[in-house]
Amino acid sequence: MKISPYRKYLKNTFALSKVTISLPVTLTALTGYMLGDPSITSELLYVCAGVYLLSSGSSAFNHFQDKETDALMERTRSRPIPSGEVSVKFVLFLSLIFVLTGSALLLITGWLPASLGMLAIAWYNGIYTPMKKITPMAAVPGAFIGAIPPFIGYTAAGGNLTVPAIWIAGLFFFVAQIPHFWLLAIYYADDYERSSLPVITQKFSSAGLRRITFVWLVSASLLGLALSLFGLISIPMLFLLNIIITLVMILSALRIFFNSSARTYRQVFMHFNFYVLGVIILMLFQVFYAQ
């Protein structure tokens, strides 16, 4: 059955916008907004739509930046550009439209949220993406991207930047990005090497890799627990749940010492994603129950 041109471009637009990345990014911006102002207003809609579009535009431009390496990797060679589904001009046009529209929506909420949005794009596309082709350690400065969306939401809601809670939340999202990047890179190490990209598995021995990955996972988990100390997950039942999911995450991370197969790293990667989602949900429940 032949797919209509309209459906084809719609499918490729979703692929270029990396929905599985843009939606979680938007969720962290929403969380930041609710920490600043728990009321649901039109500005919350502007923030969510603006961040989603900025993330989509950045992701589409990233497809353009990575088109050569994408063509070499099994995991990415079916993406819209290397597969020939869309032209480079279409991707650049789509990226520009997404970025301009997203920036305009954030500008409605204030100059600071819009500026932070542009900083996120500049950092991801201008610093992290070129750096990851040079060093596998790019994940560390690249993780700064994870901390920006909550601040976009928080400042759009008129949150006070002198409040320590938003900074510990930003630190949590920053640190959480590092094991997220590395676990995925370890799982797809052979694919990355095939494209001549530097891989973290080339930097450390197997034992060293297990230790440093575990340290980052535990650091992120303990920061998630520390959110309770700053009142972000302080309701007794939510605090208890935070302790439970933190312990479960640390136990899951311990598995890499007993089985360091790519499959185990993939499973820990999935568990960690669910853990971060759980922390976000607990923070949102805290906001709604505290009203």
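Residue numbering for the sequence shown follows this note's numbering, starting at 21 and increasing by one per position. Even for Gly, the Cβ is constructed at its ideal location relative to N, Cα and C. On a predicted model such as this, the values are computed, not experimentally measured, just so you know.
Over what stretch of residues does the alpha helix (DSSP H) that includes residue 87 continue unbroken?
87-90
Can you find the residues in the same chain that come closer than 6 Å, C-beta to C-beta, to residue 234, ignoring five residues on each side of it along the sequence?
273
Could you tell me the boundaries of the alpha helix (DSSP H) in which residue 52 lies?
39-56
Taking DSSP as the reference, what is the three-state secondary structure of residue 157?
Helix, per DSSP.
Distance check for residue 215 and residue 92, CA to CA, integer angstroms please.
5 Å
Note the first and the last residue of the continuous alpha helix (DSSP H) segment covering residue 184.
184-207
Would you decide whether residue 109 is buried or exposed? Buried here means 16 or more other CB atoms lie within 10 Å of its CB.
exposed
Tell me whether residue 278 sits in a helix, a strand or coil according to DSSP, three-state version.
Coil.
Boundaries (first-last residue) of the alpha helix (DSSP H) holding residue 217:
Per DSSP, residue 217 belongs to no alpha helix (DSSP H) and is neither H nor E.
Within 9 Å (strictly less), CB to CB, does residue 151 reach chain D?
Although the question refers to chain D, the structure presented lacks it and comprises just one protein chain.
Where residue 80 falls: helix, strand or coil (DSSP)
The DSSP-derived three-state label of residue 80 is helix.
If you follow the alpha helix (DSSP H) that residue 136 is part of, which residue opens it and which one closes it?
131-143
Helix, strand or coil at residue 94 [DSSP, three-state]:
coil
Okay, do the segment 104-123 and the segment 225-244 touch, 3+ Cβ pairs below 8 Å being the bar?
no
Start and end residues, alpha helix (DSSP H) containing residue 232
226-246
Is the CB-CB distance between residue 29 and residue 129 below 9 Å?
no
Other residues of its chain near residue 46: CB distance less than 6 Å, five sequence neighbours each side excluded:
68, 71 and 72
Report yes if the CB atom of residue 175 is closer than 9 Å to the CB atom of residue 136, and no otherwise.
yes
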